[in-house]
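What follows is a short report on a single structure.
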Amino acid sequence: MTTAILISILMTVVGAATPILLAALGELVVEKSGVLNLGLEGMMLIGAVTAFAVTYSTGSAPLGLVAAMVASAAASMIFAFLTLTLTANQVATGLALTIFGIGLSSLIGQGFVGLTVPALAHVFPAALAEDPIWRVLFGYSPLVYISLVMTALVAWFLTRSRAGLILRAIGESDEAAHSIGYPVIGVRYLAVAFGGAMAGLGGSYYSLVLTPMWADRLTAGRGWIALALVVFASWRPLRLLGGAYLFGAVMTLELHAKAAGVSVVAPEFLAMLPYLATIVVLTAISIAPAGGRLAAPACLGKPFRATG
Amino acid sequence: MFRINRRQLLAGSAATLALPGLIGRASAQDVLNVGFVYVGPVGDYGWTHAHDTARKEAVEKFGDKIKTNYVENVAEGPDSERVIRQLAQQGNKLIFTTSFGFMNPTIKVAKQFPDVHFEHATGYKTADNVGIYNARFYEGRAVIGTIAGMMSKTGKAGYVASVPIPEVVMGINAFTLAAQKINPDFKVQVVWVNSWYDPAKEADAAKALIDQGCDIITQHTDSPAPLQAAEQRGVYAFGQASDMMSFAPKAHLTAITDNWGPYYVQQIQKQIDGTWEPEDIWWGIKEGLVGISPYNEIMPADVREAADKVKNDIAAGTLHPFTGPIKDQSGEVKIKDGETIPDADLLGMDWYVEGVQS
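Sequences listed follow chains A and B, in order.
The first sequence begins at 1 in my numbering and counts up one residue at a time.
The second sequence begins at 309 in my numbering and counts up one residue at a time.
Okay, here's the thing in structure tokens:
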């Protein structure tokens, strides 16, 4: 295997990992605040179609990215209102958000099928970005670097910042956080909005970078992989980073093996591997003593009603 | 053969809700109502788009003698049965159900409406009032295979394939055999993405193939993603189901297109004349059902000529893409010199010709 092929494989792995990393980072913060939003797939689709529609109409990709974040965050607010203000069931509402997102994105996208925009360009100067070797580090679209910076920021936010500690406290014990005066619902609204914006960014990676076009259900189920990834990473940002690249590798290596004429295991097996890995992690979490290092936020998915 | 388990249930339900309003308008005595059931949105730029274009052709031909009613985004399975029944109840006398998964619902509804005629695409079950129709897409594959054989410098094409059913296997073999007539050592590397539609994966598969030295990409999946990957990497590719030139102006050499129009016009005419009978047709280039979209201007004249010759010979019946000698992957002769593969065997094809790496 030549270096050129190796580098190309690495770059496809990064391409497959980045959108799920972006979406999962948002979901991680949401879940850390004690809210389970299963609407990732729907929000990613809304982000994808908005990014494409705005980029196509205005010619400005940055504007498209911002619009994608705003649109997906707005969609997540429907979820937030239902689950946080009206205390509706989070699982059912999240699933409804996914189905709604599939339909809405399809509706918005009707006039944009069959069109194309230039793919989001690399950020570094061509001397680096197109160098046969160095492109492995510098040859990506801005979203790849944004995803890495965001991973570091989220890790710092959750462990080092006061706001992050409050968010985690709310996720672990909403009653206690409420009783000492923290705005449980307000913080959760912000977390859900952040999760929506990140899902939108992740979705726009498909419609602006990987396959610069719009077609119905463009993300083809990647939102579910991102959800599984959060559990796989046991709610830790750095594990999330590793997990995203691992999932990305699993998703693309089979294609490269096939293209090279090697068949290691059945492709169906590899397709289910991310979920299988997630089940293994879930099992490990369940076996570990309560409050162990792997545990989920204690209030995850539980509705909160302010008392007193 | 196409699109099993593919479209969301809810879109189908929503479409059903919209149905009464859609159809209520039409019931003048001498106007023939024709129903169409689509599996995807009419703007999918592929399969359903082609069927809807054909419907419009029929409307143009017959003017106010017919009224067409279509329902899009109908999920295969129980949901489609409801839609088909409703179209029949609303007075459509000829109903086209345009996806493989509508087969059993069509047969079921047909039993309940003996005076309504049904046409089901790509299936194999018929009845007294159900005819079936399909396209010989493999003939188009032979044309693009010829082009690939002449345009490829590495002698290796990449094939982004969906699922290993006879329809797809047939296409891979026809493409490979045609390319080998130009370059006997031509190889085709197949990557299965196990989905009809997964743009990101289709694009990654195309990139992986290009990395392995394939300098021409073809596909039997539905999104233009492989074309876009080819465009980005500077290799050639072919469109699927409709002209996809706009997605890849440099890479797109040509596309196999589906033109159902002539068939729809013919069957509607028969319905009007009262001569409709259930048929089992499998049309190809000759009947105009399978078409080749305009060539990219970068294609040299000799390649155009060779492609046109294959196309014309198939249309004239002097060339069958599956004419022996044909060897399978192990090098054993499967089809003897001068023999052709009968239709029944093609429809059940489950082996690859020599030169296919899958």
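Yeah, the Cβ is synthetic: ideal placement off N, Cα and C, and Gly gets one too.
>> For S460(B), would you say it is in contact with chain A, using Cβ-to-Cβ distances shorter than 8 Å as the test?
In response: no
>> Against L218(A), what residues of chain B qualify as contacts under a CB-to-CB distance less than 7 Å, listed in chain order?
In response: Result: P507.
> Apart from the five residues just before and just after F630(B), which ones in its own chain have a Cβ nearer than 6 Å to its Cβ?
Replying inline: T648 and I649
> Residues in the stretch 540-558 of chain B with C-beta within 8 Å of chain A's C-beta atoms, listed in sequence order?
Replying inline: Q540, S554 and F555
> Short check: CB of T356(B) to CB of V342(B), under 8 Å?
Replying inline: Cβ atoms of T356(B) and V342(B): not closer than 8 Å.
>> I want to see whether chain A comes within less than 8 Å of Y353(B), judged by CB atoms only; does it?
In response: yes
> Buried or exposed: which applies to G248(A), given that a residue is buried once 16 or more other Cβ atoms fall within 10 Å of its Cβ?
Replying inline: buried
>> Please confirm whether H256(A) has its beta-carbon closer than 8 Å to some beta-carbon of chain B.
In response: yes
>> Does Q536(B) come out as helix, strand or coil in the three-state DSSP assignment?
In response: helix
> Excluding five sequence neighbours on each side, which residues of the same chain lie with their C-beta closer than 7 Å to the C-beta of V281(A)?
Replying inline: V231, F232 and S234
> For the beta strand (DSSP E) that Y275(A) lies in, which residues bound it at each end?
Replying inline: No beta strand (DSSP E) holds Y275(A); the alpha helix (DSSP H) holding it covers P267 to I287.
> Between A277(A) and L270(A), what straight-line distance do the alpha-carbon atoms span, to the nearest angstrom?
Replying inline: Cα to Cα, the separation comes out at about 11 Å.
> If you drop the 5 nearest sequence neighbours on each side, which residues of the same chain put their C-beta closer than 7 Å to that of I285(A)?
Replying inline: S234, L294, A295 and A296
>> What would DSSP say about F404(B), mapped onto helix, strand or coil?
In response: strand
>> Can you tell me which residues form a DSSP beta bridge with D636(B)?
In response: DSSP lists V661(B) as partners of D636(B).
> Got a sec? Which residues, its chain only, sit under 7 Å from G596(B) by beta carbon, not counting five neighbours each side?
Replying inline: N567 and P570
> Are F555(B) and M213(A) close, meaning C-beta to C-beta below 8 Å?
Replying inline: yes
> Given a threshold of 16 other Cβ atoms within 10 Å of its Cβ, counted over all protein chains shown, does P125(A) qualify as buried or as exposed?
Replying inline: exposed
> Under a three-way DSSP split, which group does V347(B) fall into?
Replying inline: coil
>> Against chain B, with Cβ distances strictly below 8 Å, would G261(A) count as a contact?
In response: It does: the Cβ of G261(A) has a partner Cβ on chain B nearer than 8 Å.
> Which residue comes first and which comes last in the beta strand (DSSP E) that contains F439(B)?
Replying inline: It should be pointed out that residue 439(B) corresponds to Gly in this sequence rather than to Phe. Its beta strand (DSSP E) spans residues V438 to A443.
> On the three-state DSSP scale, how would you describe P650(B)?
Replying inline: DSSP places P650(B) in the coil class of the three-state scheme, outside both helix and strand.
> E114(A) versus chain B: which residues are under 7 Å apart at the beta carbon?
Replying inline: It should be noted that the sequence gives Gly, not Glu, for residue 114(A). Going along chain B in sequence order, the residues near G114(A) (Cβ under 7 Å) are Y353 and S554.
> Does any CB atom of chain B fall closer than 8 Å to the CB of S57(A)?
Replying inline: no
> To the nearest angstrom, how far is it from the Cα of G646(B) to the Cα of G639(B)?
Replying inline: 18 Å
> Quick one, are the C-beta atoms of H428(B) and V417(B) less than 8 Å apart?
Replying inline: Not in contact: H428(B) and V417(B) (Cβ atoms no closer than 8 Å).
> Between the Cα of A362(B) and the Cα atoms of P633(B), V598(B), A545(B) and D658(B), which residue gives the shortest distance?
Replying inline: V598(B)
>> Strictly below 7 Å CB to CB, what residues from chain B border L45(A)?
In response: The contacting residues do not exist; L45(A) stays about 12 Å from chain B at best.
>> I believe N377(B) touches L402(B) by the beta-carbon criterion, under 8 Å. Please report the beta-carbon distance rounded to the nearest angstrom.
In response: 11 Å between Cβ atoms; not a contact.
> Does the separation of the CB atoms of G42(A) and L128(A) fall below 8 Å?
Replying inline: no
> Counting along the chain, where does the alpha helix (DSSP H) carrying Q574(B) start and finish?
Replying inline: G569 to D581
>> I need the DSSP call for I524(B), collapsed to helix, strand or coil.
In response: strand
>> For N381(B), tell me which candidate among I576(B), E368(B), S407(B) and V367(B) has the shortest Cα-Cα distance.
In response: S407(B)
> Which one or two residues does DSSP pair with N377(B) in a beta bridge?
Replying inline: For N377(B), which the question treats as bridged, DSSP gives the partners G343(B).
>> Which residue marks the beginning of the beta strand (DSSP E) containing I589(B), and which one marks its end?
In response: D588 to W591
>> Using a Cβ-based criterion (distance less than 7 Å to any ligand heavy atom), does A259(A) qualify as near the ligand NAP?
In response: Questions concerning the ligand NAP fall outside what the structure shown contains, since it holds no ligand whatsoever.
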